[in-house]
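Chemist: Take a look at this one; I'll ask things after.
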Amino acid sequence: MDHDVIIVGGSYSGMAAGLQLLRARRRVLVIDAGERRNRFASHSHGFLTQDGTPPDVIAAKAREQLEAYPTLEWRETKATAARQIDGGFAIETEGGETVTARRLVLALGVSDALPEIEGLKERWGKHVFHCPYCHGYELNQGRIGVIGVGELSMHQGTMLPDWGDTTFLINGSFEPNHEQTQMLDQRCAKTETGKIVRISGEADVELEDGRVLNFDGLFVASRIEPASPLAEQLGCDFEDSPIGRHIATNQMKETSVPFVFACGDAARMAGSIALAVGDGAQAGAGVHHSLMFR
290 MDHDVIIVGG SYSGMAAGLQ LLRARRRVLV IDAGERRNRF ASHSHGFLTQ DGTPPDVIAA
350 KAREQLEAYP TLEWRETKAT AARQIDGGFA IETEGGETVT ARRLVLALGV SDALPEIEGL
410 KERWGKHVFH CPYCHGYELN QGRIGVIGVG ELSMHQGTML PDWGDTTFLI NGSFEPNHEQ
470 TQMLDQRCAK TETGKIVRIS GEADVELEDG RVLNFDGLFV ASRIEPASPL AEQLGCDFED
530 SPIGRHIATN QMKETSVPFV FACGDAARMA GSIALAVGDG AQAGAGVHHS LMFR
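Quick note: to get the numbering used here, add 289 to the position in the sequence shown (first position is 1).
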């Protein structure tokens, strides 16, 4: 085998997994296409010691620290295919290269499917967000809009009042029942039933009846899918969640396919740097344990 471990995905969870393995003096190859999920955000929040730091600065510092270990290799390319081979796994890259390893870590990240609303995608990560813990405080208790995508959005609609004056923009996504309406009222969240035509300005919502609602920031629940088909190619099991599919793992982050591990946003129903780093560290320890005893 070319390596002890191949890690597909060099963002926060992948690098956290790699760090544990490099410190165990294992031969690690990281394959990374350079498309972090939070690449649209200007600053990261909620991660101890790095609160307010630009995400690319955190990622660059992490890679610099990994590259201090002599058993690391890093390929800036896309992994296009994965398969099991005798004794391990083979990964094909976009450039036509095939590399092998005894163990595989899928730190694939996810893709976010957003509602088809004009102007929404262009503001994603800048004025439209998914996580109040990451971006709510910076809105300075201002005017916040929650764009409904279904009953799932009730979670955001009832959370966001802790960060500002919240309006739940139902946008025809569902009709709140009596209990849900009471919950929103209890949390002092206003509701708006008008249909959204487009997002303009920084976070202005233009409605079908001609009204324009001005907000300091908008939140919406995206639909997520692993950003790469490698887990499906290998036959890994998936779990459904209210926000999409993620790769099923056990407590040590091993998937249903022996010796294939998964971590980060593609393997849990949450998305933040802090959670990704912890998940990756657990995966790295799980991989090392499997190399020692299995």
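We put the CB at the ideal spot given by N, CA and C, even for glycine.
Starting from residue 481, trace the beta strand (DSSP E) both ways and give me its first and last residue.
Modeler: Here residue 481 refers to the residue found at position 192 when the sequence shown is read from its first residue. It spans 479-481 - the beta strand (DSSP E) in which residue 481 sits, taken as one unbroken run.
Chemist: Quick one: complete alpha helix (DSSP H) runs, 4+ long, within the region 438-470?
Modeler: Correct list: 443-448.
Chemist: With distances taken Cα to Cα, identify the nearest neighbour of residue 581 among 542, 315 and 509.
Modeler: The residue labelled residue 581 in the question sits at position 292 within the sequence shown. The candidate whose alpha carbon is nearest that of residue 581 is 315.
Chemist: In chain order, what residues of the same chain lie with their CB nearer than 6 Å to the CB of residue 525, ignoring the 5 residues before and after it?
Modeler: Sequence index remark: in the sequence shown, residue 525 carries index 236 (1-based). Counting only Cβ-Cβ distances below 6 Å, and skipping sequence neighbours, we find 536, 544, 545 and 546.
Chemist: Taking Cβ positions, are residue 508 and residue 404 nearer each other than 8 Å?
Modeler: Your numbering for residue 508 matches position 219 in the sequence shown. Your numbering for residue 404 matches position 115 in the sequence shown. No, Cβ-Cβ distance for residue 508 and residue 404 is not below 8 Å.
Chemist: Excluding the five sequence neighbours on either side, which residues of its own chain have a C-beta within less than 8 Å of the C-beta of residue 451, listed in chain order?
Modeler: Translated into positions along the sequence shown, residue 451 becomes position 162. Within the same chain, residue 451 has close Cβ partners 421 and 425.
Chemist: Kindly indicate which residue of 578, 432 and 317 has the alpha-carbon position closest to the one of residue 355.
Modeler: By one-based count along the sequence shown, residue 355 stands at place 66. The option with the nearest alpha carbon to residue 355 is 317.
Chemist: Starting from residue 373, trace the beta strand (DSSP E) both ways and give me its first and last residue.
Modeler: Translated into the one-based positions of the sequence shown, residue 373 becomes position 84. First-last of the beta strand (DSSP E) with residue 373: 368-374.
Chemist: State the DSSP-derived secondary structure class of residue 305, mapped to helix, strand or coil.
Modeler: Locating residue 305 in the sequence shown gives position 16, counting from the first residue. Note: residue 305 maps to helix in three-state DSSP.
Chemist: Does the beta-carbon of residue 495 have 16 or more other beta-carbons within 10 angstroms, so that it is buried, or is it exposed?
Modeler: Counting from one through the sequence shown, the residue named residue 495 turns up at place 206. Buried, by the Cβ-count rule.
Chemist: Count the other C-beta atoms from every protein chain shown that fall within 10 angstroms of the C-beta of residue 311, then say buried if there are 16 or more, exposed otherwise.
Modeler: If you number the sequence shown from 1, residue 311 lands on position 22. Buried, since its Cβ has 16 or more Cβ neighbours within 10 Å.
Chemist: Report the three-state DSSP secondary structure of residue 397 (helix, strand or coil).
Modeler: If you number the sequence shown from 1, residue 397 lands on position 108. Coil at residue 397, not helix or strand.
Chemist: Provide the residue span of the beta strand (DSSP E) that contains residue 377, from first to last.
Modeler: Stepping through the sequence shown from its first residue, residue 377 is reached at position 88. Segment 377-382, the beta strand (DSSP E) holding residue 377.
Chemist: Going straight from the alpha carbon of residue 415 to that of residue 423, what length do you get?
Modeler: If you number the sequence shown from 1, residue 415 lands on position 126. If you number the sequence shown from 1, residue 423 lands on position 134. Using only the alpha carbons, I get a separation of about 12 Å.
Chemist: Given a cut-off of 8 Å, decide if residue 325 and residue 399 are closer than it, judged by their beta-carbon atoms.
Modeler: The sequence position of residue 399 within the sequence shown is 110, counting from 1. The sequence position of residue 325 within the sequence shown is 36, counting from 1. The answer is no: Cβ separation not under 8 Å.
Chemist: Where do the ends of the beta strand (DSSP E) carrying residue 515 lie?
Modeler: For the purposes of this step, residue 515 is identified with residue 226 of the sequence shown, where counting begins at 1. Unbroken beta strand (DSSP E) run through residue 515: 512-515.
Chemist: Within its chain, find whatever has a CB closer than 6 Å to the CB of residue 551; leave out the 5 residues flanking it on each side and keep chain order.
Modeler: Within the sequence shown, the letter at position 262 stands for residue 551. Counting only Cβ-Cβ distances below 6 Å, and skipping sequence neighbours, we find 395, 536, 538 and 544.
Chemist: Select from 554, 338 and 483 the residue whose C-alpha is nearest the C-alpha of residue 512.
Modeler: Here residue 512 corresponds to residue number 223 of the sequence shown, with the count starting at 1. Here the closest residue by C-alpha is 554.
Chemist: Decide yes or no for the touch test of the region 376-388 against the region 291-300: beta carbon pairs closer than 8 Å, at least 3 of them.
Modeler: Verdict: yes, contact present.
Chemist: Would you mind reading off the limits of the alpha helix (DSSP H) that contains residue 352?
Modeler: Here residue 352 is taken as the residue at index 63 of the sequence shown, counted from 1. Run containing residue 352: 344-355, per the alpha helix (DSSP H) assignment.
Chemist: Using only the alpha-carbon positions, how far apart do residue 388 and residue 291 sit?
Modeler: As a working note, residue 388 is residue 99 in the sequence shown. As a working note, residue 291 is residue 2 in the sequence shown. When rounded, the distance between both Cα atoms is 7 Å.
Chemist: Any idea if residue 455 is buried or exposed, counting beta-carbon neighbours within 10 angstroms, 16 or more meaning buried?
Modeler: Here residue 455 is taken as the residue at index 166 of the sequence shown, counted from 1. That one is buried.
Chemist: Please confirm whether residue 366 and residue 382 have their CB atoms less than 8 Å apart.
Modeler: Mapped onto the sequence shown, residue 366 falls at position 77. Mapped onto the sequence shown, residue 382 falls at position 93. Yes, the pair counts as a contact, with Cβ atoms nearer than the cut-off.
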